[in-house]
Every structure is written in structure tokens, then in C-alpha cells.
Amino acid sequence: MEPSEFLAGYLAEADEHLASATRNLLAVESNLRRGLPSPRPVRELFRSLHTIKGLSAMLGIEPIVAIAHGMEAMLRAADGAGGKLRETALEVLVRGLAAIEQRVRAVGRGETVPAAPADLVTALEDVESPDGAPSAAMVSLGLPPEIASKLSVSEREQLSVGVAAGRRAVRVDFVPSPERAASGLTITTARERVAERGEIVKVVPMSRPAAPDAPGGLAFALIVLTDLDDAAIAAAVGGEAADVQSLAEPRREPSPLPSEEAVVGTRGVVRVEVERLDDALEKLSALVVTRYRIERTVAQLARGAVDVRALTPILQENARQLKELRAAIMRSRMVSARELLERVPLLVRGLSRSTGKAVDLRIDTGSAELDKSVAERVFPAIVHLVRNAVDHALEPTPERERRGKVPAGLLRVTCLEHGSNQLEISVEDDGAGIDREKLARRAGRPLPETNEALLALLTMPGVSTRDEATTTSGRGMGMDIVKRIVVEELGGELTVDTAPGRGTTFTLRIPLTITIVDAFSFRCSSEAFVVPVAGVEEIVEIDPAQIMRAPSGKGRAPVRMIERRGSPMPLIALDTVFRLPRLEMARRKAIVVRRTSQPFAFEVDQMIGQQEVVVRPLEDPLVRTPGVVGSTDLGDGQPTLVLDLVALSAKLSRRKTDARA
Amino acid sequence: MSVLHVLFKVGGAEYVLPYSDVLHMDAYAGATKVPGTPPYVLGITPVRGKVLPVIDLRARFGLEPHAPSPDSRVVVVQTGGRTLALLADSAREVLRLDPTVFRAAPEMVSEGGQGFVKSVAQAGSRLVMLLDLEKVSGEEQFDGE
Chain Y
31 MEPSEFLAGY
41 LAEADEHLAS
51 ATRNLLAVES
61 NLRRGLPSPR
71 PVRELFRSLH
81 TIKGLSAMLG
91 IEPIVAIAHG
101 MEAMLRAADG
111 AGGKLRETAL
121 EVLVRGLAAI
131 EQRVRAVGRG
141 ETVPAAPADL
151 VTALEDVESP
161 DGAPSAAMVS
171 LGLPPEIASK
181 LSVSEREQLS
191 VGVAAGRRAV
201 RVDFVPSPER
211 AASGLTITTA
221 RERVAERGEI
231 VKVVPMSRPA
241 APDAPGGLAF
251 ALIVLTDLDD
261 AAIAAAVGGE
271 AADVQSLAEP
281 RREPSPLPSE
291 EAVVGTRGVV
301 RVEVERLDDA
311 LEKLSALVVT
321 RYRIERTVAQ
331 LARGAVDVRA
341 LTPILQENAR
351 QLKELRAAIM
361 RSRMVSAREL
371 LERVPLLVRG
381 LSRSTGKAVD
391 LRIDTGSAEL
401 DKSVAERVFP
411 AIVHLVRNAV
421 DHALEPTPER
431 ERRGKVPAGL
441 LRVTCLEHGS
451 NQLEISVEDD
461 GAGIDREKLA
471 RRAGRPLPET
481 NEALLALLTM
491 PGVSTRDEAT
501 TTSGRGMGMD
511 IVKRIVVEEL
521 GGELTVDTAP
531 GRGTTFTLRI
541 PLTITIVDAF
551 SFRCSSEAFV
561 VPVAGVEEIV
571 EIDPAQIMRA
581 PSGKGRAPVR
591 MIERRGSPMP
601 LIALDTVFRL
611 PRLEMARRKA
621 IVVRRTSQPF
631 AFEVDQMIGQ
641 QEVVVRPLED
651 PLVRTPGVVG
661 STDLGDGQPT
671 LVLDLVALSA
681 KLSRRKTDAR
691 A
Chain U
2 MSVLHVLFKV
12 GGAEYVLPYS
22 DVLHMDAYAG
32 ATKVPGTPPY
42 VLGITPVRGK
52 VLPVIDLRAR
62 FGLEPHAPSP
72 DSRVVVVQTG
82 GRTLALLADS
92 AREVLRLDPT
102 VFRAAPEMVS
112 EGGQGFVKSV
122 AQAGSRLVML
132 LDLEKVSGEE
142 QFDGE
């Protein structure tokens with residue numbers, strides 16, 4: 031393998047994770063000596079190995095993948111056991127880490143990487159099942175060796191349990207080819223279609239001699255548990271029934287069903303901490319960055335006259351898979367408005383009991399979904415508003431009756447989609463309304479004449495409408511917090527409407543999703559900008575010698591172009607477009623975006639990094655401009671513009687067409 | 002009944018806005034330029050947790066630009082559902098003005114001022130001009146080209 035930038039990146043990252051793995055392994059050991067579990071070190075160890083495995087898989091360093099995979103399975107089991115590991119398991123982990131380190135060094139020296147030691151692999155598999163004995167549901171599977179060697183113990187167990195439960199275990203071979211890809215059948219779609227017909231246990235990539243029907247020299251064996259027959263499965267991958275091999279058939283006599291736990295684990299709903307989803311997103315971002323490195327390396331190879339054509343479709347496939355993975359993770363981050371409010375009835379019941387007030391709670395939600403992190407941030411604000419409503423606004427029943435109101439106080443919480451990307455949550459009560467005069471007196475401020483002024487007063491820290499503190503909401507607490515959450519943290523809006531004796535409505539308008547996006551930050555001229563990762567195809571370094579200039583007609587600057595995969599692509603200087611002073615720079619970067627089929631490269635000065643940013647939309651007509659979608663704060667307190675380079679390229683090419691016409 | 006007004010200075014002249022149009026006044030903390038916006042838009046600035054467009058009133062009124070000083074203030078106003086920051090040379094006073102003291106601006110003022118001045122009022126020895134917020138924040142189509 032040629033030492034390359036990618037390899038250097040791999041070594042640096044692998045080193046970092048090896049170091050962290052060693053630290054955590056030592057922590058596990060010291061806890062073990064004191065008879066303590068190590069939930070956190072085990073999890074971190076798992077993450078390090080997982081990353082090492084992923085990185086190594088990309089470089090195709092199978093021995094490291096195999097060892098890391100075995101260790102990972104062991105650690106997963108330990109994590110499931112609350113971070114408990116046995117002495118023997120620890121020994122194996124220490125050996126495994128040493129073996130990985132040795133192999134990473136070999137990669138670094140450009141040597142052939144030795145295969146995973148057989149005894150280590152066996153040891154890893156042995157300690158993997160907690161009591162060393164095969165599980166009771168185990169069914170012996172007649173797996174061919176080339177498949178058996180690719181399956182972990184847990185995957186084999188998954189197959190056995192599936193067969194024991196009456197399903198068939200089959201192997202479906204899928205051979206990618208340009209013809210199939212043209213008809214929309216790639217490994218990704220094949221996988222999706224098979225997944226509709228059964229449970230995919232594993233996808234094993236297999237190399238095979240290149241042939242007319244398999245020009246890539248690559249095939250995928252999908253190991254599947256299914257209830258369907260061979261023909262139905264074969265149809266999913268567009269092949270003949272012959273492409274499907276049975277690995278194991280269920281025994282005819284009914285066998286015990288898998289435990290409820292197993293069913294829940296595979297079919298049911300799993301509650302996930304936002305932190306873990308964030309972690310997954312972070313890992314994905316690392317993957318995206320690695321992908322850019324691969325593409326860059328391939329481009330370098332291509333410039334060095336290496337034939338990289340075979341890599342192009344693989345890279346495209348990879349790009350699509352990454353995009354889908356991202357979408358899948360983003361989907362898993364969405365929660366419905368109904369879920370957001372599902373704890374409200376319980377809260378109101380408690381409040382109603384502690385205040386002795388009768389509350390008629392009505393919850394109205396549409397089908398809106400919002401990002402889980404937005405949901406988690408906004409929920410405390412909703413709790414504050416609901417508390418304040420029951421506690422301060424709604425009158426006790428006798429008082430309501432005196433005023434000719436229905437005995438139970440109305441509390442309506444609605445959560446509806448508003449416009450394209452906003453959620454409107456309102457908390458409405460039919461209580462006493464806010465006493466402006468009393469509030470103004472208490473705050474020592476002039477009487478708030480407008481609702482805005484009233485809100486400003488209400489959200490001043492420490493302002494209260496109550497004489498005594500209560501157990502549930504204290505002394506009118508929380509409105510400043512509500513405002514901070516809604517306006518400052520989420521970039522939303524908070525409004526209030528109140529009428530004496532008739533009630534109060536607080537309305538929150540918060541963005542649904544794109545609030546938090548993964549973005550690249552970069553510098554251009556004296557300014558910093560960010561651009562969402564999702565719109566970017568790649569980031570390349572511009573070699574000034576490689577810039578081509580095409581005449582563009584009288585009086586206009588020549589159109590600059592750079593080569594990308596054999597075809598020219600327009601290179602647009604962002605500083606010129608934005609009329610910013612151009613700085614002296616030896617080497618600049620280009621951010622490549624694609625609009626319909628035409629790629630565009632935007633020339634920028636330097637990349638800063640990649641991070642998740644909260645985007646506040648720029649809505650005022652004065653600052654609404656093509657290519658700028660909003661602003662964010664990178665931590666310096668000053669707004670940084672969030673760009674939509676695809677929209678900007680659309681505007682620029684329109685302008686070009688206009689000029690031509 | 003007299004109404005509270007906020008008074009601010011731009012280029013030596015004094016302007017007022019009714020207190021109900023003004024959310025608050027703040028020191029100016031600089032702005033991030035937004036490409037393709039009119040020259041009098043300084044950019045966007047963070048004000049109390051919001052990010053608002055800033056209009057440079059000097060530039061808007063066609064006066065010599067000068068660098069913001071420690072006296073410079075953003076006057077945060079609300080108009081037609083929008084919230085905007087106006088950069089003034091200073092803003093320190095509030096005045097009680099009776100709505101009946103406002104007179105239509107002399108023709109020269111309203112024409113020279115592109116209609117930014119709605120009316121004028123004599124407050125003691127001072128002449129103050131009532132801004133037409135809608136005009137100042139004008140939505141006349143502007144294309145950066």
C-alpha cells in the first residue's frame with residue numbers, strides 16, 4: 031500500500047484510539063482488582079475499538095477488523111452486564127489490543143499485516159458467550175466455511191435462534207453490475223428489498239473473479255432469516271432462485287419461541303438517549319470526513335496517471351450510502367409532537383391534586399415531528415408554562431363559579447406545525463389573566479401597554495405576580511427561563527396574549543429540525559462562514575497551476591475552471607461573489623456542490639473545521655439574500671452566516687444565462 | 002395626553018419615536034455583514050438573544066459615514082411585525098410629547114429626507130423629527146447587483 035495522506039490520517043487516528051483504549055483497559059483492570067464494575071471505561075473502550083474497526087475496514091485491513099470485532103462483541107456483552115468483566119476476559123482484551131497495535135505498526139511500516147492469531151480469535155469467541163457453553167437454543171448450522179468465518183458468535187447465535195424459532199436461514203448472493211445499477215438495483219437497494227422480506231443477519235462482501243456478469247469482481251452474500259421461499263427472496267435481488275442457497279431449515283416440530291427479551295430487542299421500540307444519537311452523528315461526521323480524504327487520495331492518484339475508473343462507481347455508491355445513513359440517523363432523532371406532550375397529562379394531574387383546582391386539560395397535536403434535541407430543550411419551557419397556568423392563572427372552582435365560569439379550569443396545550451419548518455406550541459388557559467398593574471407595581475416599572483412590553487416585564491428575572499411562593503412554581507419563577515430556552519437557545523419566538531378575567535395564552539414558535547445541522551466552517555476574506563455538510567460533495571485543495579481560464583466575452587472576467595474527474599467544473603471565488611477584499615493566499619480550497627447535474631466549485635481561503643451548529647433563519651427582507659439561509663454563533667458571540675451554496679450556484683448560473691441572452 | 006417618546010441623534014439632528022415602537026436601546030457591539038444587502042444595512046447583530054438586521058441611520062439619511070463611537074446606540078424597534086436595530090449616533094433621552102404638537106414636516110424636509118420624517122414637533126427650544134419607521138425600514142426592492 032502506498033503511503034498516502036489517507037494512510038497518515040488512519041495511523042494518527044488509530045494511534046489516538048489505541049492510546050485511549052489502553053487507558054480505559056487499565057481503568058477496567060484497576061476496577062476489577064477492587065471488585066468494581068467499569069461501565070464507563072467499557073463503553074469508551076468499545077467506542078475506541080469500534081472506530082478502529084471502522085477505519086481499518088475502510089482500508090481493508092481485515093486482521094485488525096477481525097480482532098476489533100471480537101473484542102467489540104465481548105465489550106458489548108460486558109456493557110450489557112453493567113460493565114462487569116471477568117479476569118479471563120480482561121486477559122484476552124489485553125492480548126487483543128496488543129495484537130491490534132502490532133498490526134497498526136505493520137501498516138505504518140508498509141509491511142504485510144499478519145493475520146489475526148487463530149488462538150486469539152478463538153479465545154475472543156470463547157469468552158464472548160458468558161458461560162462458555164453454547165446457548166440452549168443453538169441449532170447446528172451447515173454453514174460453508176467462507177461464510178462461517180465471517181460471522182461472529184453472536185451472529186451465528188442470531189441465526190440459530192431464528193431457525194429454532196421456525197424461520198429459514200438462507201444465503202442470497204448479489205452481484206453488482208452497471209446494468210443492474212442502471213435499473214436501480216445496487217447493493218443498497220437490494221439490501222432494502224431483502225430487508226422487507228426477512229431479517230438480514232449479515233452482508234458479507236466476497237471477491238470473485240471478474241466476469242462479464244460481474245465486472246467489479248465483487249459479490250455480496252446476504253445472510254438472511256426469512257419465512258419466505260427461495261423464489262420470493264431471489265426476486266428481491268433481481269436474480270434466479272438459484273442465487274439463493276438454503277443454510278438451515280427450521281425443524282418441523284414447534285420449538286420454544288425466543289425469549290420475550292429477544293423479541294423486544296429485535297422488533298420493538300428502543301428508547302435512545304440523545305447523547306447516543308449525537309454520538310452516532312458524530313461518528314458519521316468522522317466517516318464523511320474520511321470519505322473526503324479517500325476522494326482526495328483517489329484524485330491524487332488519478333493525477334499521477336493511475337487508473338482509478340473502477341473506484342468511481344464505488345465512491346458514488348459510498349456517497350449515497352453515507353447520505354442515506356445520515357437520513358436514517360436524522361430520522362431516528364425525530365420525535366412526534368404527541369410524544370413531546372405525552373408527559374403533560376401526568377404533570378397536570380399532579381398539579382391539580384396539589385392545588386385542589388379542577389383542570390380540564392385538552393391536548394391537541396398534529397402530525398409534526400421535531401428533532402429530539404429540540405424536544406428535550408423545549409420541554410422544560412412547556413412544563414414551566416403548564417405549571418404557571420394551573421398554579422397562578424386558573425382560579426379555584428368556587429371563585430370560578432362566582433365569576434360565572436365553568437367549574438373546571440380549561441388548559442389547552444396545542445402543538446402544531448407552522449409554516450414549513452416551525453412548530454407552534456401554545457399553552458392557553460381560561461383563568462384570571464395577568465394583572466398588568468400589579469405586575470408593574472411589583473417590578474417598579476411603568477404599566478406595560480402592549481403584549482410585547484408585558485412579556486418583557488414578565489421575563490425579567492425575579493418578577494412575580496404572586497404574593498406568596500407556592501410549592502409548585504415558587505414565586506412566579508420561570509418566565510425568564512422560558513424565554514431563554516425559546517429565544518436564546520432555540521432561536522424561536524415567545525409571545526403572550528392575555529385578557530383580564532378571560533385567560534392567558536403563551537405561544538412558542540420554534541424551529542423543527544434544521545436548527546441543528548452538521549456544518550463545515552471556513553474562512554473567506556476577513557469573514558468566517560459555515561455551510562451545511564449535507565450540501566457539500568467534497569472539499570478539494572486548489573492547485574493554482576491547474577486553474578483553466580475560459581474567455582467569457584467582452585469586458586467580463588474570464589471564467590475559471592478546475593478539473594474534476596476528467597471534466598472541467600466552474601470555479602467561483604466566493605470573495606468576489608460577496609464583494610469582499612481578496613486576501614493573498616498561496617493555496618486555497620474549493621467546496622464542491624452539485625446542482626442538478628452540474629458541479630460547482632466555490633473557492634474559499636481556508637477550512638476551519640466541522641461542527642454542529644444551531645441555525646437561526648434570517649427572515650427580515652432587509653437581510654434576505656440568495657445563498658444565505660441564516661446565522662449561527664461559533665462561540666465568539668458574533669453571528670456567522672450560514673450559506674446555501676447550492677442556491678448561490680443556482681443564482682450565479684441564472685445570472686450567466688441572463689447575461690448571455 | 003402626552004406620550005412617551007425616545008429621542009436619539011443622527012448627524013446633529015434629533016429624532017423621536019413613540020416609546021411603544023421601541024423595545025430597548027443598547028450599545029452597539031458590531032455587526033456581521035450580509036452580502037448583497039443595501040449599503041445602509043450594516044449586517045446582523047446579536048441583541049438580547051436575537052439576531053437583528055442593523056440599519057445605519059447615517060447611511061440611510063445620506064450623511065457622511067463615521068465609525069461607531071462609545072456613544073453609538075442601537076435603537077431596537079418594532080414595525081409591521083419586524084424587529085430591527087437602528088444605529089444612531091447617540092440615544093439617551095426620553096421625552097413626553099403631546100401628539101397634537103406634531104406638525105407636518107415642511108416640504109423641503111419631507112422631500113430632502115425621502116419621506117423618512119413623518120412630522121416635526123417643537124419641544125421647548127428644540128425641534129425634533131418623528132421618524133417614519135415604515136419608510137426607514139423600507140422594503141423597496143433591492144438587488145445587490
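Going down the list, the sequences are from chains Y and U. Per this note's numbering, residue 31 is the first one in the first sequence, and the count goes up by one each step. Per this note's numbering, residue 2 is the first one in the second sequence, and the count goes up by one each step. Glycine included, each C-beta is placed from N, C-alpha and C at the ideal position. None of these values were measured; they are calculated from a predicted model.
- Boundaries of the beta strand (DSSP E) around U:Leu98: 91 to 98.
- Secondary-structure assignment with DSSP links Y:Glu454 through a beta bridge to Y:Leu446, Y:Arg539.
- Close to U:Val52, with beta-carbon spacing below 7 Å, are these residues of chain Y in chain order: Arg646, Ser661, Pro669.
- Using a CB distance below 9 Å, the part of the stretch 60 to 85 of chain U facing chain Y consists of Gln79, Arg83, Thr84, Leu85, ordered along the chain.
- Less than 8 Å separates the beta-carbon of Y:Ala558 from that of Y:Ile638.
- Taking every protein chain shown into account, the CB of Y:Thr528 has 16 or more other CB atoms within 10 angstroms, so this residue is buried.
- Nearest C-alpha to Y:Met101 among Y:Val183, Y:Gly660, Y:Arg466: Y:Val183.
- The shortest CA-to-CA distance from Y:Val457 to any of Y:Leu487, Y:Arg373, Y:Val443, Y:Gly533 is the one to Y:Val443.
- Using a CB distance cut-off of 8 Å, U:Pro36 counts as an interface residue toward chain Y.
- The beta carbon of Y:Pro562 sits closer than 6 Å to those of Val547, Ala549, all from its chain and outside the five residues before and after it, given in chain order.
- In terms of beta-carbon proximity, Y:Val374 stays away from the interface with chain U, with every pair separated by 8 Å or more.
- At least 8 Å separates the CB of Y:Asp635 from every CB of chain U.
- No Cβ-Cβ contact shorter than 8 Å links U:Ala32 with U:Gly13.
- Proximity to U:Ala86 across U:Arg74, U:Val95, U:Arg97, U:Glu94 peaks at U:Arg74, based on C-alpha coordinates.
- Under a criterion of Cβ atoms nearer than 8 Å, the residues of chain Y adjacent to U:Pro47 are, in order, Asp663, Gly667, Gln668, Pro669.
- Following the DSSP letters along the chain, one finds U:Arg61 inside the alpha helix (DSSP H) bounded by residues 58 to 61.
- Around U:Ser138, the beta-carbon contacts reaching into chain Y at under 8 Å are Leu652.
- Residue range 557 to 562 is occupied by the beta strand (DSSP E) that includes Y:Glu557.
- In this structure Y:Asn61 is buried. Its beta-carbon is surrounded by 16 or more other beta-carbon atoms within 10 angstroms.
- Scanning chain Y for C-beta atoms nearer than 8 Å to the C-beta of U:Ser120 yields nothing, as the closest lies near 21 Å away.
- Within chain Y, the residues placing a beta-carbon under 7 Å from that of U:Val42 are Leu652, Val653, ordered along the chain.
- Three or more Cβ pairs drawn from the stretch 397 to 409 of chain Y and the stretch 358 to 370 of chain Y lie within less than 8 Å of each other, which places the two stretches in contact.
- Sixteen is the threshold: when 16 or more other Cβ atoms of the shown chains lie within 10 Å of the Cβ of Y:Ala266, as they do, the residue is buried.
- Your pair U:Val55 and U:Leu88 checks out as a contact, with CB atoms roughly 6 Å apart and the cut at 8 Å.
- In this structure, the CA atom of Y:Ala220 is about 39 Å from the CA atom of Y:Pro656.
- Nearest to Y:Glu226 by C-alpha distance, out of Y:Val254, Y:Ala199, Y:Asp203, Y:Phe552, is Y:Val254.
- Here DSSP, grouped into helix, strand and coil, assigns Y:Leu610 to coil.
- At least one CB of chain U lies nearer than 8 Å to the CB of Y:Val517.
- Contact with chain U is found for Y:Phe608, since one of that chain's Cβ atoms lies less than 8 Å from the residue's Cβ.
- At a Cβ-Cβ threshold of 8 Å, Y:Val653 and U:Val48 do not count as neighbours.
- Around U:Thr101, no beta-carbon contact reaches into chain Y at under 7 Å, the shortest distance being about 20 Å.
- CA-to-CA, the gap between Y:Arg201 and Y:Gln275 works out to about 5 Å.
- Contact between the stretch 228 to 240 of chain Y and the stretch 176 to 191 of chain Y is present: 3 or more CB-CB pairs across the two stretches fall below 8 Å.
- For Y:Leu485 and U:Val77, the gap between their C-alpha atoms comes out near 16 Å.
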